[in-house]
Amino acid sequence: MKYLNTILFCFLQIILFSQQHTLPNLRFTYAEYEPFIDMKTMEIHHTKHHQGYVTNLNKAIAGTPFENKPLSKVLLNISNASDAIRNNAGGHYNHTLFWEILTPKTSSQPTELLQKAIEETFGKLDSLKTKMHQACMSRFGSGWAWLIVNEEGKLQVTSTTNQDNPLMDLTMERGIPILGIDVWEHAYYLKHQNKRNDYIYAIWSILDWDVISQKYEEALKDPILASIKSDNWPELKTFHKVMSNTFHAAEKKDFKPIIDRHQELMVKAYLLKNSEIPVLNLNDRPKLIKSLTKLEKQTKELDEFITLNKKVTNELIMKKLIAIHDSFHEVIGLCKEE
Ligand code: MN3
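Counting from 1 along the sequence shown, just add 703 to a position and that's the residue number in this note's numbering.
Below, the structure is given as structure tokens:
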């Protein structure tokens, strides 16, 4: 009995860990999306393409810090992930949203709240439709067109390449997507061949505005918006650029970048320290300011060290650079804290 329990426990663990992300069910049968989307396309899109993203995502995250993390968390930190995680986490998220917002059954309308937001940003629903259409048509190759709630809580139409999406920290225009249109050829080729235009009209006529409206209202209250906003700190990004170019070169024994740019690094640290901290809901503001002050002081010391000291050695530069890099990560860590 004891062994049986152990075996059962191990079995459960294996199932739990190997099934971390799973393929969601569709709301309707494949046939019910006809004639807007043909049954064969729906079936292949769901059981082959989407399933493929799920399977490969689970494989790609195994043994990485992204294992056992919610999908949104993976996407918000995707700049630290491999290309395999990026493509498959995006693919899984994007298709899950796509299935949710399609319905062959109703001719629904946006709720009053969403309608008002649409009018405020686009004038009328038809102008939004035109904007989305343009975003779909101008996306070269494969990708997605989006209606998002951006960090200011406003509606915005954007598009991304491949399986990227607006949650990812690598995307230029960020926000929470409430409507996404898949413009990969696999979404329409069987029925519409190369006529992406016809396919977009078909999709537009089966949008479930009840679900999209609900997603709009949820997005406005979602803490992810604040987290995206806090990620938008230009001075931090500029400092990061100089830091990584000089530090990572030095790690590979190339000290020319830091010899050339120590003054720039000091200036960027000064600008960072004196910039407005955009982080919302930050509990640790005093800690953050302390780390920024330390960073500024350390870069100033490194600058003086290289400029004035005649006995500059690579080892000493490296030691100081590591300390600067540590302080920088303190800052990043405090920003990302929830
Ligand atoms: Mn697809």
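Virtual Cβ for every residue (Gly too), placed ideally from N, Cα, C.
Following the continuous alpha helix (DSSP H) through residue 755, name the residue where it begins and the one where it ends. 754-764
For review: beta carbons within less than 6 Å of any heavy atom in ligand 1: 748, 752, 798, 885, 887, 889, 890
Which stretch, first to last residue, makes up the beta strand (DSSP E) that contains residue 878? 878-885
What do you get for residue 984, buried or exposed, if any count of 16 or more other CB atoms within 10 angstroms of its CB means buried? Reliability fails at residue 984, whose pLDDT of 47 lies under 50, so the model's placement of it is uncertain and the value that follows must be treated cautiously. By the 10 Å Cβ count, residue 984 comes out exposed.
What's the C-alpha gap between residue 932 and residue 877? 9 Å
Which complete alpha helix (DSSP H) runs does the region 778-861 hold, if anything under 4 residues is left out? 786-803, 815-825, 828-841
Can you find at least 3 beta carbon pairs, one from the region 849-867 and one from the region 924-931, that sit closer than 8 Å? yes
On the premise that residue 975 lies in contact with residue 939, defined as a C-beta separation below 8 Å, what is that separation, rounded to the nearest angstrom? 6 Å
Just verifying my parser: in three-state terms, what is the DSSP assignment at residue 864? strand
Leaving out five residues on either side along the sequence, give the residues of the same chain with a beta carbon under 7 Å from the beta carbon of residue 990. 1037
So the candidates are 903, 1027, 1013; which of them puts its Cα closest to the Cα of residue 943? 1027
Per DSSP, residue 1062 forms a beta bridge with which residues? Shown here, the chain extends from 704 to 1041; a query on residue 1062 therefore has no answer.
Taking the C-alpha atoms as reference points, what is the distance between residue 837 and residue 831? 10 Å
If you drop the 5 nearest sequence neighbours on each side, which residues of the same chain put their C-beta closer than 8 Å to that of residue 1023? 1001, 1004, 1005, 1008
Given a cut-off of 9 Å on the beta-carbon distance, is the pair residue 817 and residue 915 in contact? yes
For my contact list, residue 782 and residue 873 are in at a C-beta cut-off of 8 Å; report their separation, rounded to the angstrom. 5 Å
Tell me, to the nearest whole angstrom, how far the beta carbon of residue 779 is from that of residue 858; I am working on the premise that it is less than 8 Å. Residue 779 to residue 858, Cβ: 21 Å. No contact.
With distances taken between CB atoms, is the gap from residue 884 to residue 848 smaller than 9 Å? yes
I'd like the list of long-range same chain contacts for residue 771, defined as Cβ closer than 7 Å, with 5 residues on each side in sequence excluded. 723
How would you write the range of the alpha helix (DSSP H) that residue 988 sits in, first residue to last? 988-1011
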